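*Asks:* Right, I'll just put the structure down here and ask away after.
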Amino acid sequence: MHLIKVRIHSDDYPTGRCYPFNIPALRETPELTFRKPIAFFVGENGTGKSTLLDAITRKCGIHIWDKPRRHLAHNNPYETRLADYITVRWANGSVPGSLFRAETFRDFADFLDDVALCDPGRLKYHGGHLLNTLSHGEAILSYFSGRYHIKGLYLLDEPESALSPSSQVKFLRLLQRLEAEGHAQFIMATHSPILLAYPGAQIFS
303 MHLIKVRIHS
313 DDYPTGRCYP
323 FNIPALRETP
333 ELTFRKPIAF
343 FVGENGTGKS
353 TLLDAITRKC
363 GIHIWDKPRR
373 HLAHNNPYET
383 RLADYITVRW
393 ANGSVPGSLF
403 RAETFRDFAD
413 FLDDVALCDP
423 GRLKYHGGHL
433 LNTLSHGEAI
443 LSYFSGRYHI
453 KGLYLLDEPE
463 SALSPSSQVK
473 FLRLLQRLEA
483 EGHAQFIMAT
493 HSPILLAYPG
503 AQIFS
């Protein structure tokens, strides 16, 4: 276990009228305590799962790989500010990590492959393959199998959206191996009943 507690300071929110500060779950949940290395956030769309995952990622100093925005009409100055109103507690100091989002993985895979072409030794960190030589699901599992063997905190936003049912089962088996190794912690937002069947996982709803 690396991250053991997240406190949400909703009394300090600058507004209660704008996203994300108007999400009821993020106003009514004072803290989360992590007791298991595998944890899931579950709930209907719009209940704040991905928003909280994003805020935890930012607060933990983990880089978020994202596409640049191309639209001008959207202007919510609070959109990524939830991280300013949470605090985190580590068990033994902070660790590196990553945030996985299926919708940005292909661009991220392009970047990793470009790096690996210049430094083939980097391939070992994402399964030993150029990711774009694999199918989308295979590339994701290859990345998971390489990256998640490194000590860290790993956050995943609905990974099932990019994985077939059989690939989700393979991912569960990988999680079991990683939990046995004892160096990685996973926090996932999901709707998948397959992933939620992981034995002994902690579930927040």
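In my numbering, the protein residues as written are 303 to 507. The beta carbon of each residue, even a glycine, is placed where N, CA and C say it ideally should be. Quantities reported herein were computed from a predicted structural model and do not represent experimental measurements.
(1) Give the range of the alpha helix (DSSP H) segment to which V471 is assigned.
(2) So does the segment 432 to 447 actually touch the segment 464 to 481, counting three or more Cβ pairs closer than 8 Å?
(3) So Q487 and Y450 are in contact, right, with Cβ under 8 Å, and what is the actual spacing, rounded?
(4) Can you give me the start and stop residues for the alpha helix (DSSP H) that R383 sits inside?
(5) In the DSSP assignment, what residue or residues form a beta bridge with F488?
(6) In whole angstroms, what is the alpha-carbon distance linking R360 and T389?
(7) I need the straight-line Cα distance from C320 to L305, nearest angstrom please.
(8) Just to confirm my understanding: we take S469, look at its own chain, exclude 5 residues before and 5 after, and list those with CB closer than 7 Å. What are they?
(9) Where does the unbroken alpha helix (DSSP H) through R319 begin, and where does it stop?
(10) Exposed or buried, what is C362 when buried is set at 16 or more other beta-carbons lying within 10 Å of its beta-carbon?
(11) By DSSP, does G345 sit in helix, in strand, or in coil?
(12) If you reduce the DSSP assignment to three classes, tell me which class S400 lands in.
(13) Which residues share a DSSP beta bridge with R391?
(14) Taking the Cβ atom as the reference point for each residue, do I310 and T353 lie within a distance shorter than 8 Å?
(15) If you run the structure through DSSP and keep just helix, strand and coil, what is I509?
(16) If you run the structure through DSSP and keep just helix, strand and coil, what is T331?
(17) For the alpha helix (DSSP H) that contains Y445, what are its first and last residues?
(18) Below 8 Å, how does it come out for the segment 337 to 347 and the segment 499 to 507: are there three or more Cβ pairs, yes or no?
(19) Beta-carbon within less than 6 Å of T335's beta-carbon, same chain only, minus the 5 sequence neighbours each way: which residues are those?
*Replies:* The answer reads as follows:
(1) As a working note, residue 471 is residue 169 in the sequence shown. Note, V471: alpha helix (DSSP H), P467 to E483.
(2) yes
(3) Start at 1 with the first residue of the sequence shown, and residue 487 comes out as number 185. Start at 1 with the first residue of the sequence shown, and residue 450 comes out as number 148. Actually they do not touch by this definition, with Cβ atoms about 10 Å apart.
(4) Counting from 1 along the sequence shown, the entry for residue 383 is found at position 81. Segment: none, R383 is in no alpha helix (DSSP H) and carries neither H nor E.
(5) Within the sequence shown, the letter at position 186 stands for residue 488. The partner list for F488 (beta bridge, DSSP) reads I340 and Y456.
(6) Position 58 of the sequence shown, counting from 1, holds the residue named residue 360. Position 87 of the sequence shown, counting from 1, holds the residue named residue 389. Their Cα atoms are separated by approximately 11 Å.
(7) On the sequence shown, position 18 is the one that residue 320 refers to. On the sequence shown, position 3 is the one that residue 305 refers to. Roughly 28 Å between the two C-alpha positions.
(8) Taking the first residue of the sequence shown as position 1, residue 469 is located at position 167. Closer than 7 Å at Cβ, skipping near neighbours: G439 and L443.
(9) To locate residue 319, count along the sequence shown from 1; it is residue 17. Where R319 is concerned, there is no enclosing alpha helix (DSSP H), given that its DSSP letter is neither H nor E.
(10) Counting from one through the sequence shown, the residue named residue 362 turns up at place 60. By the neighbour-count rule (16 or more Cβ atoms within 10 Å), C362 is buried.
(11) Your numbering for residue 345 matches position 43 in the sequence shown. In the structure shown, G345 sits in coil (DSSP, three-state: anything other than H, G, I, E or B).
(12) Position 98 of the sequence shown, counted from the start, is the residue given in the question as residue 400. Of the three classes helix, strand and coil, the one that applies to S400 here is strand, per DSSP.
(13) On the sequence shown, position 89 is the one that residue 391 refers to. Answer is K307, bridged to R391.
(14) Indexing the sequence shown from 1 puts residue 310 at position 8. Indexing the sequence shown from 1 puts residue 353 at position 51. No. Outside cutoff.
(15) Here the chain has residues from 303 to 507 only, and residue 509 is not among them.
(16) Translated into the one-based positions of the sequence shown, residue 331 becomes position 29. In this structure, T331 counts as coil in the three-state DSSP scheme.
(17) Within the sequence shown, residue 445 is the residue found at index 143, counting from 1. First-last of the alpha helix (DSSP H) with Y445: H438 to R449.
(18) yes
(19) Here residue 335 is taken as the residue at index 33 of the sequence shown, counted from 1. Answer for T335: K307, listed in chain order.
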